[in-house]
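Start counting the sequence shown at 49; every next residue gets the next number (this note's numbering). Where a beta carbon is used, it is the ideal one built from N, C-alpha and C, also for glycine. Single-structure report; data block below.
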Amino acid sequence: MVIGLDCAAPELVLEAWRDELPVIDSLMERAVFGVLRSCDPPITVPAWSVMTASRHPGELGFYGFRNRRDRSYDQLTIADARAVRVPRVWDILSMRDRPVIVLGVPQTYPVSRVNGVMVSCFLTPDTDTSQYTYPAELKAEIEGLVGRYLVDVDDFRTEEKDRLLRDLEEMTEKRFRVAEHLLASREWDLFFMVEMGTDRIHHAFWRFFDPGHRFYEPGNPYEGAMLDYYRRLDERLSRLLRFADDETAVMIVSDHGAKRMEGGICINEWLRREGYLTLLEEPREARRLEPDLVDWPRTAAWGEGGYYCRLFMNVRGREPQGVVDPADYERARDEIREKLEALGDEAGRPIGSVAHKPEDLYPTRRGVAPDLLVYFGDLSWRSIGEVGTGAIHVFENDTGPDDANHAHEGLYLLAADGVVPGRAEQRDLRDIAPTLLELLGEPVPAEMEGRSLLRPCGVGPSGAAGGAAGLHRS
Numbered sequence: 049m050v051i052g053l054d055c056a057a058p059e060l061v062l063e064a065w066r067d068e069l070p071v072i073d074s075l076m077e078r079a080v081f082g083v084l085r086s087c088d089p090p091i092t093v094p095a096w097s098v099m100t101a102s103r104h105p106g107e108l109g110f111y112g113f114r115n116r117r118d119r120s121y122d123q124l125t126i127a128d129a130r131a132v133r134v135p136r137v138w139d140i141l142s143m144r145d146r147p148v149i150v151l152g153v154p155q156t157y158p159v160s161r162v163n164g165v166m167v168s169c170f171l172t173p174d175t176d177t178s179q180y181t182y183p184a185e186l187k188a189e190i191e192g193l194v195g196r197y198l199v200d201v202d203d204f205r206t207e208e209k210d211r212l213l214r215d216l217e218e219m220t221e222k223r224f225r226v227a228e229h230l231l232a233s234r235e236w237d238l239f240f241m242v243e244m245g246t247d248r249i250h251h252a253f254w255r256f257f258d259p260g261h262r263f264y265e266p267g268n269p270y271e272g273a274m275l276d277y278y279r280r281l282d283e284r285l286s287r288l289l290r291f292a293d294d295e296t297a298v299m300i301v302s303d304h305g306a307k308r309m310e311g312g313i314c315i316n317e318w319l320r321r322e323g324y325l326t327l328l329e330e331p332r333e334a335r336r337l338e339p340d341l342v343d344w345p346r347t348a349a350w351g352e353g354g355y356y357c358r359l360f361m362n363v364r365g366r367e368p369q370g371v372v373d374p375a376d377y378e379r380a381r382d383e384i385r386e387k388l389e390a391l392g393d394e395a396g397r398p399i400g401s402v403a404h405k406p407e408d409l410y411p412t413r414r415g416v417a418p419d420l421l422v423y424f425g426d427l428s429w430r431s432i433g434e435v436g437t438g439a440i441h442v443f444e445n446d447t448g449p450d451d452a453n454h455a456h457e458g459l460y461l462l463a464a465d466g467v468v469p470g471r472a473e474q475r476d477l478r479d480i481a482p483t484l485l486e487l488l489g490e491p492v493p494a495e496m497e498g499r500s501l502l503r504p505c506g507v508g509p510s511g512a513a514g515g516a517a518g519l520h521r522s
């Protein structure tokens with residue numbers, strides 16, 4: 049039984065909120081737990097597929113929600129389930145005639161055939177008109193149980209906080225009611241669900257609980273909103289655990305963690321200031337950078353907004369109107385990298401930005417990788433893609449109110465026969481799929497990059513480095 053909590057931070061769930069979450073606390077008493085290092089970038093897409101396929105993003109061939117389809121300037125695509133070209137753990141089990149329940153795991157829309165049931169994720173366009181279940185008739189069964197099923201909340205970047213809290217409560221309650229129903233009515237060897245409410249409440253309410261946030265106000269009416277949500281979530285976990293007997297391994301995981309957001313860096317305004325990006329005319333107001341705004345024969349680089357920055361270079365012979373000489377590519381890329389890493393906050397103070405070359409992160413790179421993946425302030429600042437903002441540093445998000453960014457540190461908790469309870473060392477996102485297969489007595493494919501949590505560091509059928517020693521009692 050795997051319960052995924054998108055964006056759940058170990059410093060909250062495993063530390064600060066100990067004694068506030070009795071169900072999780074009781075699991076921890078008999079579990080091995082610790083930090084689960086996310087992928088690069090630590091974003092919901094690709095992180096859940098990295099976890100369940102045990103492949104790094106370069107091998108998967110997508111590097112976030114939106115990716116360049118080709119080397120043109122205007123072909124960005126959403127990485128939904130069709131982008132995943134390798135088997136995930138439920139696919140492997142289905143091929144081996146093991147029954148599975150898959151509920152809400154990101155990148156499961158459109159749904160695929162499994163040996164069991166699948167309910168798709170927040171990428172589902174509309175549950176009224178989209179086919180979000182496998183088999184198809186499960187949709188009517190779910191709607192007969194909970195009414196209109198919610199894969200996500202509408203507009204979580206909003207100032208309507210009371211409305212959002214109500215929507216989060218409704219979404220989470222419906223997801224858990226469906227989970228209980230499926231656990232009770234279907235056979236399963238693997239139950240794998242993901243709750244998105246944990247992510248949404250972090251982004252919407254972090255400023256209200258964190259005294260270190262620049263917009264925190266003591267005594268505000270939402271100071272306890274995040275913890276209250278987690279308390280109700282903890283109660284719901286107890287309902288699922290009724291279906292886990294003494295022989296059932298229970299795992300709680302998150303794909304990445306969270307941290308407060310200090311502000312935004314307007315990457316394209318910075319590129320304009322530094323002479324790397326030229327527009328055909330000055331924008332009259334802040335607006336998204338569209339390809340028809342750019343004077344491509346005079347542009348060397350441009351960037352995309354998001355929790356991290358994807359920076360692309362306009363290379364001659366590679367892009368349609370490329371200007372960067374391939375012989376000068378490395379020098380120009382290093383120059384941009386050094387300048388971005390030296391960029392400080394609004395007062396010029398260092399913030400510790402890191403600009404990664406994809407070849408330094410990924411042994412293989414399928415698809416169209418960014419030329420640089422930039423983590424502003426080690427992900428304490430987001431990337432703003434707009435032009436015409438009139439500033440490099442801004443403190444309002446271009447896609448609506450958002451208080452938190454992602455952190456590399458997610459969490460894992462495994463309660464299973466034979467594990468030695470207690471905190472263990474950091475593990476890798478890719479270690480989860482091999483762990484599930486080993487717990488089920490199934491061989492781990494050689495292509496998987498992770499190592500089972502049941503195996504000590506340096507031992508295992510697959511080759512990912514890292515891991516904790518002494519997790520398994522022989």
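So, residue i versus residue j, is the Cβ gap smaller than 8 Å?
i, j, result
"D80", "V492", "Here residue 80 is Val; the residue named in the question, Asp, does not match the sequence. Not closer than 8 Å, so no."
"F170", "P158", "no"
"N115", "G370", "no"
"G152", "V199", "yes"
"A232", "F256", "no"
"W351", "F443", "Sequence inspection shows Gly at residue 351; the Trp mentioned does not correspond to that position. Taking 8 Å as the Cβ cut-off, G351 and F443 do not qualify as a contacting pair."
"Y377", "S401", "no"
"E189", "Y197", "no"
"T156", "M166", "yes"
"L212", "V201", "yes"
"F204", "H251", "yes"
"E486", "G82", "no"
"I51", "M219", "no"
"E217", "L288", "no"
Determine, for residue i, whether the minimum Cβ-Cβ distance to residues of chain B falls below 8 Å.
i, result
"S302", "Going by chain labels, chain B is absent from the structure shown, which holds only one protein chain."
Could you tell me the boundaries of the beta strand (DSSP E) in which residue i lies?
i, result
"R308", "G305 to R308"
"Y180", "Unbroken run through Y180: none, as it is neither H nor E."
"G351", "A349 to E352"
"A452", "A452 to A455"
"I313", "G311 to C314"
"S233", "Segment K209 to S233 is the alpha helix (DSSP H) holding S233; no beta strand (DSSP E) there."
"L501", "Note, L501: premise wrong, no beta strand (DSSP E); not H, not E."
"E243", "L238 to E243"
"L409", "That residue, L409, is in no beta strand (DSSP E); its alpha helix (DSSP H) goes P406 to L409."
Once DSSP output is grouped into helix, strand and coil, what is the label at residue i?
i, result
"E394", "coil"
"F204", "coil"
"G272", "coil"
"T125", "strand"
"R321", "helix"
"W254", "helix"
"G106", "helix"
"I190", "helix"
"G514", "Per-residue confidence for G514 stands at a pLDDT of 34, beneath the threshold of 50, marking its modelled position as unreliable; no derived number is given."
"G523", "Beyond the ends of the chain as shown, which are 49 and 522, falls residue 523; an answer cannot be given."
"I140", "helix"
"I440", "coil"
"C55", "coil"
Closer than 7 Å by C-beta to residue i: which residues in its own chain qualify, once you throw out the five before and the five after it? Chain order, please.
i, result
"A292", "M49 and V298"
"E63", "none"
"S522", "Bear in mind that the predicted position of S522 carries a pLDDT of just 25, short of 50, making it unreliable; the figure below should be weighed with that in mind. Cβ neighbours of S522 beyond the five flanking positions: none."
"A481", "M99, T100, A101, S102, V137, M496 and G498"
"T177", "none"
"D282", "L69, P70, V71 and I72"
"L230", "I149, L151 and V165"
Considering residue i, what are the terminal residues of the alpha helix (DSSP H) in which it resides?
i, result
"A481", "I480 to L487"
"S97", "T92 to A101"
"I72", "P70 to M76"
So, for residue i: in the same chain, excluding its five sequence neighbours on each side, which residues have a beta-carbon less than 6 Å away from its beta-carbon?
i, result
"R117", "Q123 and T125"
"K387", "none"
"H520", "Summary for H520: the model assigns pLDDT 35, below 50, so the residue's position carries little reliability, and this model does not support an answer."
"M361", "A349, V372 and D419"
"C357", "I315, G351, V422 and S431"
"A403", "R385, L388, E389, L420 and V422"
Apart from the five residues just before and just after residue i, which ones in its own chain have a Cβ nearer than 8 Å to its Cβ?
i, result
"R279", "E68 and L69"
"R332", "G436"
"R119", "R366, E367, P368 and V416"
"R321", "I440"
"K209", "A252, F253, Y270 and A273"
"D237", "L141, R146, P147, V148 and L488"
"V226", "L151, V167, I190, L193, V194 and Y197"
Is the closest heavy atom of the ligand PLP to the C-beta of residue i under 7 Å?
i, result
"R66", "Summarising the ligand content, the structure contains no ligands, and the ligand PLP is consequently not present."
Assess contact between the region 353-370 and the region 122-141, defined as three or more Cβ pairs (one per stretch) separated by less than 8 Å. Is contact present?
no
Using 8 Å as the threshold, is the region 102-114 in touch with the region 69-79, meaning 3 or more CB pairs across them?
no
Segment contact flag, the region 432-440 with the region 297-305, C-beta cutoff 8 Å, min 3 pairs:
no
So, does the region 446-464 touch the region 389-403, judging by three or more C-beta pairs under 8 Å?
no
Check whether the region 346-360 and the region 322-329 touch, using three or more Cβ-Cβ pairs below 8 Å as the test.
yes
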